[in-house]
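**Student:**
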Amino acid sequence: MPEITLATILAGTVVVALNAYVVLAGADFGGGVWDLLATGPRSGKQRDLVAHAIGPVWEANHVWLILAIVLLFTCFPAGFAELAITLHIPLFLMLVGIVLRGSAFSFRSYDREHDVRQEYWGRIFAVASVVTPVLLGVAVGTVAAGRVGVPRSGDFATDFLRPWLTPFAWSIGLYTLLLFAFLAAVYLTLETDDSALQEDFRARALVSGVLLFVAALVTLGLSGSAPLIRTGLLAVPGAVPLHLTTGIAAVTALVSLWKRRYRLARAAAIVQVSAILWGWALAQYPYLLPPHLSIGDAAAPAVTLRLTLGALVVGAGVLIPSLVYLFRIFKR
Amino acid sequence: MSDLLAARSQMAISLAFHILFAVVGIGMPCLMVAAEWRWSRTGDPVYLELAKRWAKGTAILFAVGAVSGTVLSFELGLLWPEFMRFAGPIIGMPFSLEGFAFFTEAIFLGIYLYGWGRISRRAHLLAGLLVALSGMLSGIFVVTANAWMNAPAGFTVVDGKPTGIDPIAGMLNSAALEQTLHMTLAAYAATGFAVAAIHAWFLRRAPESGFHRRAFAIGLLVAAPAAILQPLSGDLSARYLARHQPVKLAAAEALFETRTHAPLTLGGWPDREARTTRFAIEIPSGLSLLAYHDPAAEVKGLDTVPPSDWPNVPLVHLSFQAMVGLGTYLALVSLWVVWLALRRRDPVGHPWLLRAVIVGGPCGMLAIEAGWMLTELGRQPWTIYGVLRTAEAVTPMPGLIYPFLAITLLYCLLGVVVAWLLYSQIVTNPPATAEYA
Ligand code: HDD
Ligand code: HEM
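As given, the protein sequences belong to chains A and B, one line each in that order.
Per the numbering used here, the very first residue in the first sequence carries number 48; after that it's consecutive.
Per the numbering used here, the very first residue in the second sequence carries number 1281; after that it's consecutive.
#1: Please classify residue 1438 of chain B: does DSSP put it in a helix, a strand, or coil?
#2: To the nearest angstrom, how far is it from the Cα of residue 222 of chain A to the Cα of residue 262 of chain A?
#3: Taking 8 Å as the threshold (beta carbon to beta carbon), is residue 199 of chain A in contact with chain B?
#4: Is the shortest distance between the beta-carbon of residue 1343 of chain B and the beta-carbons of chain A less than 8 Å?
#5: DSSP puts residue 341 of chain A in a beta bridge; with which residues?
#6: Flag this pair as touching only if the stretch 173-188 of chain A and the stretch 130-150 of chain A have three or more C-beta atom pairs under 8 Å; answer yes or no.
#7: Please report the residue range of the beta strand (DSSP E) in which residue 1549 of chain B lies.
#8: Can you give me the start and stop residues for the beta strand (DSSP E) that residue 1544 of chain B sits inside?
#9: Looking at chain A, which residues of the stretch 1651-1678 of chain B have a Cβ within less than 7 Å of any of its Cβ atoms?
#10: Determine the extent of the alpha helix (DSSP H) in which residue 1649 of chain B is found, giving its start and end residues.
#11: In angstroms, rounded to a whole number, what distance separates the CA positions of residue 1532 of chain B and residue 1516 of chain B?
#12: Closer than 7 Å by beta-carbon distance: list the chain A residues that pair up with residue 1398 of chain B, in chain order.
#13: Starting from the beta carbon of residue 1358 of chain B, find every residue of chain A whose beta carbon is closer than 9 Å, and list them in chain order.
#14: If we count Cβ pairs, one from each stretch, closer than 8 Å, do we get three or more for the stretch 206-213 of chain A versus the stretch 225-237 of chain A?
#15: Using beta carbons (cut-off 8 Å, strictly below), is residue 1418 of chain B in contact with chain A?
#16: In the DSSP assignment, what are the bridge partners of residue 1562 of chain B?
#17: Suppose you measure from the CA of residue 341 of chain A to the CA of residue 125 of chain A; what does that come to, to the nearest Å?
#18: If you compare alpha carbons, which of B:1436, B:1376, B:1700 and B:1392 is closest to residue 358 of chain A?
#19: Residue 1340 of chain B by DSSP, collapsed to three states: which one?
#20: Using 8 Å as the threshold, is the stretch 1604-1617 of chain B in touch with the stretch 1498-1506 of chain B, meaning 3 or more CB pairs across them?
#21: Quick check on residue 184 of chain A - is its C-beta less than 8 Å from some C-beta in chain B?
#22: Which residues in chain B sit within 7 Å of residue 366 of chain A, going by Cβ to Cβ distance?
#23: When you compare the CB positions of residue 311 of chain A and residue 252 of chain A, do they come within less than 8 Å of one another, or not?
#24: So, using beta-carbon positions, are residue 1541 of chain B and residue 1576 of chain B closer together than 8 Å?
#25: Determine, using beta carbons only, whether residue 1446 of chain B comes closer than 8 Å to chain A.
#26: Please report the distance separating the alpha-carbon of residue 1713 of chain B from that of residue 1404 of chain B.
#27: Please compile the residues from chain A whose C-beta is within a distance smaller than 7 Å of the C-beta of residue 1365 of chain B.
#28: How long is the line joining the alpha carbons of residue 13 of chain A and residue 1334 of chain B, rounded to whole angstroms?
#29: With a threshold of 8 Å between beta carbons, is residue 55 of chain A in contact with chain B?
#30: By alpha-carbon positions, which one of B:1386, B:1648 and B:1693 ends up nearest to residue 1464 of chain B?
#31: On the DSSP letters alone, give me the boundaries of the beta strand (DSSP E) that residue 1391 of chain B sits inside.
#32: Give me the Cα-Cα distance between residue 346 of chain A and residue 1357 of chain B, rounded to the nearest whole angstrom.
#33: Please say whether residue 1297 of chain B and residue 1691 of chain B have beta carbons closer to each other than 8 Å?
#34: Taking residue 1688 of chain B as the query, report the chain A residues whose CB atoms sit under 9 Å from its CB, ordered along the chain.
#35: Using a C-beta to C-beta distance shorter than 8 Å, which residues of chain A count as neighbours of residue 1386 of chain B?
#36: Determine the chain A residues that contact residue 1389 of chain B at a beta-carbon separation under 7 Å, and present them in chain order.
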């Protein structure tokens, strides 16, 4: 288990924020994937269900990303600076995706109903929902592969392109997309009383869940370029139980989908995705940017860390009841 | 275009775009809550419709505000990584607190927009209040961070690195009070005037419309007090500048030489080379009087620093003049409204007042843009005043003109779409009160 220091605790809170982002906002992006792939006689209904499910919550879900960024630059400024320099291009493209996704979604919701323009907005929303998670995954994959934090050579391609133009990084990108699509499909089974729609999303959840297994194997195969992660995934104490959890949760999710026990499937999917994320975080330990920058070296002075932690505790006291209230009103 | 210039321009576009939506995010919840509160008090369905309509427009603006704000959070690193490496630990506090304000804002906005009929009336009104409160707080926190860039505090520099960091002292920097006060007032003045102007436009055709009358009144109720206080708060800011950022004030006033009995320079075009301002009206001792409340006081001029450290004097001067001109206009119109209200006259009966308010509609937003140009351009060549130069803060990434062009194009398109959507909602959907009765 990692050593408990102030810096590791705050690094942990960054992962908590990312975890919440993936579990909540990830599904909002996944919804966009299913909007894009809506087919059959119920395609209109499928799209409406997605819009209905995302509407009240996506802005709140989105703030988790901002929290992660803010925590990163407050508590690990050196890490943030390196990430922002090396990953300038994919992060910028991701931002364009975020802007298009969010604004197209609200344009569609608030434009006059059922005309051609609404369909355009819907398309933009859906395509941006596909592109954005891939780029997020590419950024994560590049970090995991140890390509961020390398001293700069002065050559443009070496410094700003090659680090993230790797098969491994893109396989993580696709993996992230699948993960989000899977989560969304699982959640959507619980968003409707219409059993035909429920069946549509059950089928989608099953297919994407199985594809997720395949993608995991491919990623592992390519992880030769991230040796640190590969050893980390197995060597760090505490890692193996985490992988077991992932595996059990994944199987539980698929089996309960099969048996139409959707609530259980949703819980299992959340556990599965969270365990994957923590598995990655643990495998990186003690590095923020493996193998160049450790959490301790990247950390801001202790005063900053202490104050931020204090702010987080107080903030959580306000945030958690508010979130519970939000989801109690709109989610089952 | 050099990479540095491209980065600065990208930051300027992104901020100038975001601030429009952020201001609406601070001001509109206030108006919506006022309308809904009137409804709960009087049972008058027109107020309810007003709240619902405003909420609809606000939802679009809010989404664009949220995504453009996200762009900014990333851009702080994408464009200015060395700034964030330096400043993150010192001013992370207000940003973290802002993060929580965003959360409560987004959560209760979701409840407000989608919760009609799902929660009790009182809970709904409370949700609106929380949106208004957290909107105001997010503005205050982020402006505090900006104030720190103007008045760095809470650290000492050793070998180019900050040590002895004290984030609380950074937050309580000496510019924070003036700037947050001025910005918060600006948000209410600008939103209130924009809304009042839209409804004044319709009132010219339909002076009896209860819908537009109520909307006009609420808009002015929020805008007028803020607009009247704004010049006073601006005076505080200017006096702060005289003491702590004399170069910015000198550029704003185009004061090339340090002198006593410094004049107030109105209008004109500053000439860097000749060190004079052409075509300007000068009010003798005016600046000394305003900055120190003493006609004989000495005011520092641009000559206190080498010309290479001057900001862009014409632009800063122009921005300042524009803001003060617009601000004076809004304050005068507001005083007129107050005067009519005190004498219990119906403002809608005065066609010239309606026209004045319509003209005032865009003025608040323009003043805000001008004010920020003054603050940010006037701080150049420093990102952290006196500590870190903009050229040292920028990313090593080349080719920054491409993201700059991309963001500019994207925001131009979004701006057009948003304007068009709002227009079509307002114009092609005339209020049908019966629907909500
Ligand atoms: C509705 C908007 C509005 C109006 C009517 C005014 N201002 Fe303003 N002003 C702003 C909106 C604004 C702003 C955009 O909000 C700024 C930019 C940074 C800040 O804190 O506020 C600002 C900055 C700003 C600054 C620079 C502060 C700094 O750099 O630290 C000064 C000196 C003034 N203002 C002075 C005035 C005066 C004398 C006004 C008299 C009419 C005035 N402002 C009206
Ligand atoms: C560097 C400067 C800035 C950054 C990094 C920034 C960041 C952000 C972010 C990330 C959001 C989205 C929050 C959400 O998802 O709800 C946001 C929204 C907002 N920002 Fe900014 N912001 C900046 C400047 C400003 C300024 C100058 C103001 C106001 C005075 C302001 C006020 C707001 C408000 C009120 C919102 C709420 C959403 C809305 O109303 O559109 N921001 N900002």
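Even glycine gets a Cβ: it sits at the ideal position worked out from N, Cα and C.
As the structure is a computational prediction, the values presented were derived from the model and not from experiment.
**Tutor:** According to the data block:
#1: Taking the first residue of the second sequence as position 1, residue 1438 of chain B is located at position 158. Three-state DSSP puts residue 1438 of chain B in a strand.
#2: For this step, residue 222 of chain A is matched to residue 175 along the first sequence. For this step, residue 262 of chain A is matched to residue 215 along the first sequence. Taking the straight line from one Cα to the other gives about 6 Å.
#3: Here residue 199 of chain A corresponds to residue number 152 of the first sequence, with the count starting at 1. So, interface residue.
#4: Position 63 of the second sequence, counted from the first residue, corresponds to residue 1343 of chain B. Taking Cβ atoms only, chain A reaches closer than 8 Å to residue 1343 of chain B, which makes this a yes.
#5: Here residue 341 of chain A is taken as the residue at index 294 of the first sequence, counted from 1. Bridge partners of residue 341 of chain A: A:334.
#6: Taking 8 Å as the limit for Cβ pairs, the verdict is that the stretch 130-150 of chain A does touch the stretch 173-188 of chain A.
#7: Your numbering for residue 1549 of chain B matches position 269 in the second sequence. Segment 1549-1551, the beta strand (DSSP E) holding residue 1549 of chain B.
#8: On the second sequence, position 264 is the one that residue 1544 of chain B refers to. From DSSP, the beta strand (DSSP E) with residue 1544 of chain B extends over 1544-1546.
#9: 1675, 1676, 1677 and 1678
#10: Start at 1 with the first residue of the second sequence, and residue 1649 of chain B comes out as number 369. Segment 1643-1659, the alpha helix (DSSP H) holding residue 1649 of chain B.
#11: Counted from its first residue, the second sequence places residue 1532 of chain B at position 252. Counted from its first residue, the second sequence places residue 1516 of chain B at position 236. The alpha-carbon atoms of residue 1532 of chain B and residue 1516 of chain B are separated by roughly 15 Å.
#12: Numbered from 1 along the second sequence, position 118 holds the residue referred to as residue 1398 of chain B. Under the 7 Å cutoff, chain A gives 376.
#13: If you number the second sequence from 1, residue 1358 of chain B lands on position 78. Within 9 Å Cβ-Cβ: 131, 132, 134, 135, 138, 139 and 142.
#14: no
#15: Residue mapping note: residue 1418 of chain B aligns to position 138 of the second sequence, counting from 1. Judged by the 8 Å Cβ criterion, residue 1418 of chain B is not in contact with chain A.
#16: By 1-based counting over the second sequence, the position of residue 1562 of chain B is 282. Answer by DSSP bridge pairing, in chain order: B:1545.
#17: The sequence position of residue 341 of chain A within the first sequence is 294, counting from 1. The sequence position of residue 125 of chain A within the first sequence is 78, counting from 1. Computed Cα separation, rounded: 10 Å.
#18: The sequence position of residue 358 of chain A within the first sequence is 311, counting from 1. Nearest option by C-alpha distance: B:1376.
#19: In the second sequence, residue 1340 of chain B corresponds to position 60, counting from 1. Three-state result, residue 1340 of chain B: helix.
#20: Touching, yes.
#21: Within the first sequence, the letter at position 137 stands for residue 184 of chain A. By this cut-off, residue 184 of chain A is not an interface position.
#22: Position 319 of the first sequence holds residue 366 of chain A. Correct list: 1380 and 1383.
#23: Stepping through the first sequence from its first residue, residue 311 of chain A is reached at position 264. Stepping through the first sequence from its first residue, residue 252 of chain A is reached at position 205. Going by C-beta atoms, residue 311 of chain A is not nearer than 8 Å to residue 252 of chain A.
#24: For the purposes of this step, residue 1541 of chain B is identified with residue 261 of the second sequence, where counting begins at 1. For the purposes of this step, residue 1576 of chain B is identified with residue 296 of the second sequence, where counting begins at 1. Yes.
#25: Position 166 of the second sequence holds residue 1446 of chain B. Yes, because at least one Cβ of chain A sits closer than 8 Å to the Cβ of residue 1446 of chain B.
#26: What you label residue 1713 of chain B is simply residue 433 of the second sequence in a count that begins at 1. What you label residue 1404 of chain B is simply residue 124 of the second sequence in a count that begins at 1. For residue 1713 of chain B, the predicted structure reports a pLDDT of 44, less than 50, and the residue's modelled location is therefore unreliable. The matter cannot be settled from this model.
#27: Walking along the second sequence from the start, residue 1365 of chain B turns up at place 85. Result: 124, 125 and 128.
#28: One cannot answer for residue 13 of chain A here, as it falls past the ends of chain A, which runs 48 to 379.
#29: Start at 1 with the first residue of the first sequence, and residue 55 of chain A comes out as number 8. No - not a single Cβ of chain B is within 8 Å of the one on residue 55 of chain A.
#30: By one-based count along the second sequence, residue 1464 of chain B stands at place 184. For the residues B:1386, B:1648 and B:1693, the minimum Cα distance to residue 1464 of chain B belongs to B:1648.
#31: Here residue 1391 of chain B is taken as the residue at index 111 of the second sequence, counted from 1. Note, residue 1391 of chain B: premise wrong, no beta strand (DSSP E); alpha helix (DSSP H) at 1361-1394.
#32: Numbered from 1 along the first sequence, position 299 holds the residue referred to as residue 346 of chain A. Numbered from 1 along the second sequence, position 77 holds the residue referred to as residue 1357 of chain B. One C-alpha to the other measures close to 16 Å.
#33: Indexing the second sequence from 1 puts residue 1691 of chain B at position 411. Indexing the second sequence from 1 puts residue 1297 of chain B at position 17. For residue 1691 of chain B and residue 1297 of chain B, yes; Cβs fall inside 8 Å.
#34: Locating residue 1688 of chain B in the second sequence gives position 408, where the first residue counts as 1. Within 9 Å Cβ-Cβ: nothing; residue 1688 of chain B doesn't reach chain A, min ~12 Å.
#35: Numbered from 1 along the second sequence, position 106 holds the residue referred to as residue 1386 of chain B. By Cβ distance, chain A contributes 106, 107, 109 and 110.
#36: Looking up residue 1389 of chain B in the second sequence gives position 109. Going along chain A in sequence order, the residues near residue 1389 of chain B (Cβ under 7 Å) are 106.
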